Amino acid sequence: MKYLDEYRDEKIARALAQEIRERVTRPWVLMEICGGQTHTIMRYGIDELLPREVELVHGPGCPVCVTPLEMIDKALELAARTDLTLVSYGDMLRVPGSSSDLFHAKANGSDVRVVYSPLEALKIARANPNRKVVFLAIGFETTAPPNAMAVWQAHREGLQNFSVLVSHVLVPPAMQVLLAAPDNRVQGFIAPGHVCTVMGYRQYEEMVQQFRVPIVVGGFEPVDLLEAILMLVRQLEEGHAIMENQYVRSVTREGNLPAQQIVEAVFEVCDQKWRGIGTIPQSGLRLRPEFSAHDAEKIFGMAEIKVEEPTECISAQVLKGLKKPPDCPVFANGCTPESPLGAPMVSAEGACAAYYRYRRHKVLQERACNV
Amino acid sequence: MCLAIPGKLLDISQKNGVRAGRVEFGGIVNQVCLDFVPEAEVGDYVVVHVGFALSRVDREEAERTYQILEAMGLLEGELAPSAQGPPETVE
Numbered sequence: 001m002k003y004l005d006e007y008r009d010e011k012i013a014r015a016l017a018q019e020i021r022e023r024v025t026r027p028w029v030l031m032e033i034c035g036g037q038t039h040t041i042m043r044y045g046i047d048e049l050l051p052r053e054v055e056l057v058h059g060p061g062c063p064v065c066v067t068p069l070e071m072i073d074k075a076l077e078l079a080a081r082t083d084l085t086l087v088s089y090g091d092m093l094r095v096p097g098s099s100s101d102l103f104h105a106k107a108n109g110s111d112v113r114v115v116y117s118p119l120e121a122l123k124i125a126r127a128n129p130n131r132k133v134v135f136l137a138i139g140f141e142t143t144a145p146p147n148a149m150a151v152w153q154a155h156r157e158g159l160q161n162f163s164v165l166v167s168h169v170l171v172p173p174a175m176q177v178l179l180a181a182p183d184n185r186v187q188g189f190i191a192p193g194h195v196c197t198v199m200g201y202r203q204y205e206e207m208v209q210q211f212r213v214p215i216v217v218g219g220f221e222p223v224d225l226l227e228a229i230l231m232l233v234r235q236l237e238e239g240h241a242i243m244e245n246q247y248v249r250s251v252t253r254e255g256n257l258p259a260q261q262i263v264e265a266v267f268e269v270c271d272q273k274w275r276g277i278g279t280i281p282q283s284g285l286r287l288r289p290e291f292s293a294h295d296a297e298k299i300f301g302m303a304e305i306k307v308e309e310p311t312e313c314i315s316a317q318v319l320k321g322l323k324k325p326p327d328c329p330v331f332a333n334g335c336t337p338e339s340p341l342g343a344p345m346v347s348a349e350g351a352c353a354a355y356y357r358y359r360r361h362k363v364l365q366e367r368a369c370n371v
Numbered sequence: 372m373c374l375a376i377p378g379k380l381l382d383i384s385q386k387n388g389v390r391a392g393r394v395e396f397g398g399i400v401n402q403v404c405l406d407f408v409p410e411a412e413v414g415d416y417v418v419v420h421v422g423f424a425l426s427r428v429d430r431e432e433a434e435r436t437y438q439i440l441e442a443m444g445l446l447e448g449e450l451a452p453s454a455q456g457p458p459e460t461v462e
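Chains as they are written, first to last, in this note's numbering: chain A, 1 to 371; chain B, 372 to 462.
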C-alpha cells in the first residue's frame, strides 16, 4: 500500500541503523510516547537494530492502558442495566476492572457491542430509539475529534438516547510529569505522530524550551521511527535541543484546525486520573455543560468511586519508562494477554503485551546469557 | 489506539449533513468522514483514524523525504560488501 510499504523498506532501515551506529559515541535514553510506535518497534525488532548505546523506553501512550479502573467499573455498572446498550472500541473489552471485564459482562448476557468508529455507535442509537446507548469514549488527542463529532451530531439531531462515558487523556501534561520527575531518565522524545496530526506541535516546542530536551515528531513505520531516532541522536551528540518533525507527510506545526475546533466546542480540559500513574492536573477532557444531556455520568447519576490497583503489577513504572516489562515478577508468569493483571498487558499497544507477543523477554534473556 | 492508515480517496458525497467519501486501503473500501479535511480531493491520499480522515498526505513532502531516504539506502547497498560483510549477515 502506498505510503506504507515504502516506509517498511529493509534496505533503507538498515542504512538508517548504520547511520545511527556511526553517530553514537555514548549512551542515550529515548522514549517513544505512543503505544502504536512501541508496537512497531517490537514487531520489526527496531530495538535490536540499534547500537547498545541507544536505549528505547516506552511511554504511557496507550489510552486503553491508562484508562482508570474506576471507568471500567462504571462501564460495567452501566452494562448490567437491561435497558441499555454499551458500545465500545474493541480493545476495552478485555481490560480488567476491579472485579470483572466487559467481555465477561457480554458473555453473561449484557448488551455490549464493539464498533470501529463512534459513528457506528450513533447508528445503533438511531436504530434503537427505545434503548439507551452509551459509547465508552476513550482516547488521546487523535480520537478526541471523532468522539467529539459523534456527540456534536447526536446533539444536532436531538438523539436523546445517545450518551458518552468519557475518559480522554492529553499527551503534553503527561510528558511534563515525566520530565519534571526527579528519577527521569529520558533524554529525548519521539512525539506521537497522529496526536500531532490533530494538535500540531506548538505545545511540544514549549517543552523543548522549558526542559532543554530534543523532541522529534515521528511516524509509525519502521523507517519513520529509525529516522526519528537518528534525528534525536544527531541532536544529542551535537548538544542541541530543538523541535523537529520527521512525519512531515501528515503533521504540520499548526495541526488540523477543523478537528481542534470540534474538540474545543464539545470538550473542556479537566484533571484526569491515569491508571498506574495517578491524577495529572489538566491532562484530560470532559464534556462541556452544554452537552450534559449526552453525559452518561450525569444522566445515570454515577457516583464517584475509588478503586485500588493490584499491588503486584508494576505498570506504573513501566508507563513512566523506569522499568521494562520483563522486570515485573508476574510478567508472562501470572500476567499474560489472555488473563492480564495490568492494562499494559491488555491492549496490543501496551508495552507488556508488545514484549510478550514478540517474545522480546526471551530475546533479552538470550542476550544476557551471551554476554 | 491511535492507529491511522493512509488510503486513496475514491469519491466524495454528503451523508447526514456530513462530508463523506469512499477510501480504498489496499483493496478494501470504507466509508470515511471528510469533515476534518475540507481540502481533500478525489485521488488524494488521506490518513484515516476510526472512520475519520485526519490529514491529507502531503505528496511533495512525502516524495522529497522518501528520495533522501532512498538515496541513503542505495548508498549503503553499494558500501555494504566491504563495510559490513555480506548483506545477509544479521547483527
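Glycine included, C-beta positions come from ideal geometry on N, C-alpha and C.
Model, not experiment: these values are computed from the prediction.
For Gly392/B, no Cβ of chain A is located within less than 7 angstroms of the residue's own Cβ.
Note on geometry: alpha-carbon atoms of Glu268/A and Ala148/A lie some 11 angstroms from one another. Counting only the Cα atoms, Tyr44/A lies some 20 angstroms from Val233/A. At a Cβ-Cβ threshold of 7 angstroms, Phe211/A and Thr40/A do not count as neighbours.
Taking C-beta atoms under 8 angstroms as the contact rule, Pro409/B and Pro146/A fail to qualify, at a distance of about 16 angstroms.
Within chain B, not a single residue places a beta-carbon under 8 angstroms from that of Ala303/A; the smallest gap is close to 28 angstroms.
For Leu425/B, the chain A residues whose C-beta falls within less than 9 angstroms of its own C-beta are Thr142, Pro145, Pro146, His194, Thr197, Val198, Ser250, Asn256 and Ala259, listed in chain order. A distance below 7 angstroms between beta-carbons, with the five flanking residues on each side excluded, links His155/A to the following residues of its chain, in chain order: Phe291 and His294. Only residues of its own chain outside the window of five on either side were considered, and among them Val95 and Gly97 have a CB closer than 6 angstroms to the CB of Ile72/A, listed in chain order. Sorting Val54/A, Lys106/A and Glu237/A by C-alpha distance to the C-alpha of Arg185/A places Val54/A at the top. Per the coordinates, the alpha-carbon of Glu297/A lies some 51 angstroms from the alpha-carbon of Glu238/A.
7 angstroms or more divides the Cβ of Val421/B from the Cβ of Leu380/B. In its chain, beyond the 5 residues on either side, Phe189, Ala191, Tyr204, Val208 and Met243 have a beta carbon closer than 6 angstroms to the beta carbon of Ile215/A.
For Glu441/B and Ile12/A, the gap between their C-alpha atoms comes out near 6 angstroms.
Excluding sequence positions up to five before and after Leu30/A, its CB lies within less than 6 angstroms of the CB of Leu56, Gly188 and Leu232, all in the same chain and listed in chain order. At least one CB of chain B lies nearer than 7 angstroms to the CB of Gly36/A.
Shortest Cα-Cα distance from Arg360/A to any of Val346/A, Gly109/A and Pro326/A involves Pro326/A. Within chain B, the residues placing a beta-carbon under 8 angstroms from that of Asp91/A are Met372, ordered along the chain. Assignment of Tyr7/A by DSSP, reduced to helix, strand and coil, places it in the helix class. Excluding the 5 residues flanking it on each side, Ile262/A has same chain C-beta neighbours closer than 7 angstroms at Pro145, Ala148, Met149 and Trp152, in chain order.
Per DSSP, the beta bridge partners of Tyr89/A are Val115/A. For Thr279/A, the pairing in a beta bridge is given by DSSP as Lys273/A.
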